[in-house]
Amino acid sequence: MEQEVILSLENIHKSFDGQKALCGIDLTIYKGEFLTLLGPSGCGKTTTLRIIAGLESPDEGRVILGGTDVTDWEPNKRGVNTVFQSYALFPHMNVENNIAYGLKLRKVPKEEIKKQVEEMLELVQLPGFGERMPSQLSGGQRQRVAIARAIVNKPSVLLLDEPLGALDLQLRRQMQVELKRLQQKLGITFVYITHDQEEALNMSDRIGIMNQGKILQLGTPEEIYEHPKSRFAAQFIGQSNILKATVTGRDAAGNLTLSFGGGTILASGQGEPGEKVTLSLRTERVRYGREPRQGFTLSGQVKNNHYSGGMMRTVLTLPTGEELLVSGMGDGIEGRLPAGTQVHIGWDPACAVIVERGWPDEAE
Numbered sequence: 000m001e002q003e004v005i006l007s008l009e010n011i012h013k014s015f016d017g018q019k020a021l022c023g024i025d026l027t028i029y030k031g032e033f034l035t036l037l038g039p040s041g042c043g044k045t046t047t048l049r050i051i052a053g054l055e056s057p058d059e060g061r062v063i064l065g066g067t068d069v070t071d072w073e074p075n076k077r078g079v080n081t082v083f084q085s086y087a088l089f090p091h092m093n094v095e096n097n098i099a100y101g102l103k104l105r106k107v108p109k110e111e112i113k114k115q116v117e118e119m120l121e122l123v124q125l126p127g128f129g130e131r132m133p134s135q136l137s138g139g140q141r142q143r144v145a146i147a148r149a150i151v152n153k154p155s156v157l158l159l160d161e162p163l164g165a166l167d168l169q170l171r172r173q174m175q176v177e178l179k180r181l182q183q184k185l186g187i188t189f190v191y192i193t194h195d196q197e198e199a200l201n202m203s204d205r206i207g208i209m210n211q212g213k214i215l216q217l218g219t220p221e222e223i224y225e226h227p228k229s230r231f232a233a234q235f236i237g238q239s240n241i242l243k244a245t246v247t248g249r250d251a252a253g254n255l256t257l258s259f260g261g262g263t264i265l266a267s268g269q270g271e272p273g274e275k276v277t278l279s280l281r282t283e284r285v286r287y288g289r290e291p292r293q294g295f296t297l298s299g300q301v302k303n304n305h306y307s308g309g310m311m312r313t314v315l316t317l318p319t320g321e322e323l324l325v326s327g328m329g330d331g332i333e334g335r336l337p338a339g340t341q342v343h344i345g346w347d348p349a350c351a352v353i354v355e356r357g358w359p360d361e362a363e
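In this text, residue positions in the sequence shown follow numbering that gives the first Met the number 0: the first is 0, and each later residue adds one.
Encoded structure:
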C-alpha cells in the first residue's frame with residue numbers, strides 16, 4: 000500500500016547574513032510517521048523546522064503541506080503546531096487554560112472545550128491536574144502539558160524542537176516512550192529534531208542525518224545504523240572503527256577483500272582492485288579470541304580493557320600499530336583477556352561498510 004505524503008520540502012535554501020544555513024533540502028514526509036532530523040548544533044535542523052512552521056521564509060524552494068503550497072502562508076494558517084524545549088506555557092494560566100488556549104481562539108463552545116481538555120489530560124496521563132499552575136509541575140509534567148496544548152487542535156503535523164533537552168536522563172527516557180505512545184495512538188505526523196542519537200534511534204520511523212545544511216542520509220533507524228553512507232553518519236550515530244584499506248579483489252563468496260592492518264579483511268560494497276576505501280565497522284561487531292576461527296583474518300594484541308556499566312570496552316593493537324575498539328556484553332568475546340594477550344580478530348563481512356571511496360583526509 001502506497002504511503003500518503005503529508006509534507007514535502009522542495010529545494011529549500013536559506014542564508015543568514017550571507018552564511019548558508021540550508022543548501023537545497025528535499026524531503027518527503029508521510030502521513031502518520033515519526034520522522035526525526037538528527038544532527039549537531041548548527042547543522043540546519045531548527046531552521047528546517049521553523050520553515051515548515053512558517054516562522055522563517057526560505058530564500059528558495061517550496062513547502063507543500065497536504066498537497067497545497069503553503070510557502071507564503073502565515074504560521075496560524077498552516078495546520079501545524081510546535082512544541083519547544085522551553086515548554087512556553089503561560090505562567091499566569093492554570094493547566095486547563097493553557098491547554099484550552101487554542102480552542103478558545105477558535106471560539107469552540109465551552110462544553111466542548113472542557114470535554115477536549117479532559118481528554119487531553121487523560122491522554123498525557125495527567126488527569127486531575129487542570130487546576131494546577133505551571134510552577135506547581137515538574138519538568139516532565141510541564142512538557143506533557145505543552146504537548147497536550149499542541150495536539151488538542153489536532154494539527155496535521157506536530158513539530159517538536161528538542162522537547163526533552165531540558166529533562167534529566169531518566170525522565171528523558173521515560174518521555175521518549177510516552178511520546179512514541181502518543182504519536183501511535185493519535186496517528187499525527189511528528190517531525191522531531193534532536194542531537195541525541197539515542198532519542199532518534201528509540202522513537203523514529205525514519206531518521207534524516209543533517210550536517211552543514213544538508214540531509215546526508217535518510218532511512219530507518221536500522222538502515223542508518225547498520226549501513227551508514229558517509230563517514231559523518233557512521234561516527235555521529237553509535238561508535239565505529241574507521242578503517243583505511245585497499246581493495247585487492249573478491250573471495251569465492253563474493254565478499255570484497257581488502258588489505259588492512261597487516262592482513263586481509265573482508266567487507267561489503269563495491270570497489271576496484273587497488274582502490275583506496277574508507278570503511279565503517281561498529282565496535283560491537285568486532286570479535287576476537289585466543290584461537291583462530293573462520294573469518295578471523297587479523298592478528299593483534301590486547302592493549303587494555305575498560306569496564307563501563309555492564310559494557311566491556313577493549314582496545315586491540317594490530318601489528319601495523321593501528322587500533323580497533325571493541326565493545327560488548329561478553330557475547331563472542333572470551334571474557335576479559337589481560338593486556339598483552341595475543342588474539343585473532345574478525346567480523347561478519349556485512350558489518351564492514353564502505354563509507355567513502357578514497358582516503359579524503361590522507362594529507363592531514
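Ideal Cβ positions, reconstructed from N, Cα and C, are used throughout, including at glycine.
It should be emphasised that the depicted structure is a prediction, and the values quoted were computed from it without experimental measurement.
Strand pairing of residue i, partner residues [DSSP]
i: T256; result: G248 and L265
i: M311; result: Y306 and G327
i: N80; result: L157
i: S239; result: R281
Delimiting residues of the beta strand (DSSP E) encompassing residue i
i: L158; result: V156 to D160
i: Q341; result: Q341 to G345
i: E9; result: V4 to F15
i: A20; result: Q18 to Y29
i: R205; result: R205 to N210
i: I187; result: No beta strand (DSSP E) holds I187; DSSP gives it neither H nor E.
i: E355; result: A351 to R356
i: E59; result: E59 to L64
i: T277; result: K275 to R281
i: G218; result: K213 to G218
i: T35; result: F33 to L37
i: G320; result: Element bounds for G320: n/a, residue is neither H nor E.
Whole-angstrom distance between residue j and residue i, CA atom to CA atom
i: G312; j: V144; result: In the sequence as presented, Gly is not what sits at residue 312; that position holds Arg. For R312 and V144, the distance between alpha carbons rounds to 41 Å.
i: G139; j: T219; result: 28 Å
i: R281; j: F235; result: 12 Å
i: E225; j: I208; result: 14 Å
i: V79; j: S307; result: 43 Å
i: R49; j: E55; result: 5 Å
i: K179; j: P74; result: 25 Å
i: E32; j: N210; result: 22 Å
i: S364; j: Q175; result: Past the boundaries of the shown model lies residue 364; the chain is included only from 0 to 363, so the question cannot be answered.
i: G327; j: E355; result: 26 Å
i: E222; j: H91; result: 46 Å
i: D330; j: T296; result: With a pLDDT of 44 at D330, under the threshold of 50, the modelled position of that residue is not reliable, and the figure given next carries that caveat. One C-alpha to the other measures close to 19 Å.
i: I332; j: I353; result: Note that I332 scores a pLDDT of 48, beneath 50, so its modelled location is shaky; the value from the coordinates is reported in the next line. Rounded to whole angstroms, I332 to I353 spans 25 Å at the Cα level.
i: E118; j: N97; result: 14 Å
i: G253; j: I187; result: 44 Å
i: A199; j: L120; result: 26 Å
i: F259; j: P348; result: 14 Å
i: K113; j: A99; result: 8 Å
i: S155; j: L265; result: 47 Å
i: R205; j: T340; result: 42 Å
i: P291; j: I344; result: 8 Å
i: A149; j: R284; result: 42 Å
i: P272; j: G248; result: 5 Å
i: F15; j: G41; result: 12 Å
i: R286; j: T45; result: 40 Å
i: L317; j: L157; result: 50 Å
i: Q173; j: I146; result: 15 Å
Limits of the alpha helix (DSSP H) - the one that residue i falls within
i: K302; result: Unbroken run through K302 is the beta strand (DSSP E), L297 to S307; no alpha helix (DSSP H).
i: I150; result: G138 to I150
i: G115; result: It is Gln, not Gly, that sits at residue 115 in the sequence shown. Where Q115 is concerned, the enclosing alpha helix (DSSP H) stretches over K109 to L122.
i: G101; result: V94 to L104
i: N201; result: Q196 to M202
i: I51; result: K44 to A52
i: A233; result: R230 to F235
Contact belief for residue i with residue j at Cβ below 8 Å, rounded distance in angstroms
i: Q84; j: D25; result: Rounded, the Cβ-Cβ distance is 27 Å, inconsistent with contact.
i: K228; j: W358; result: Not a contact, Cβ separation roughly 17 Å.
i: C22; j: K213; result: 5 Å
i: Y29; j: V4; result: 6 Å
i: V342; j: V301; result: 6 Å
i: Q182; j: L166; result: About 18 Å; that fails the 8 Å criterion.
i: L257; j: T245; result: 6 Å
i: A251; j: S279; result: That pair is no contact at about 25 Å.
Exposed unless 16 or more other CB atoms sit within 10 angstroms - verdict on residue i
i: S239; result: buried
i: K76; result: exposed
i: M202; result: buried
i: G38; result: buried
i: F189; result: buried
i: E95; result: buried
i: Q216; result: buried
i: F89; result: exposed
i: L168; result: exposed
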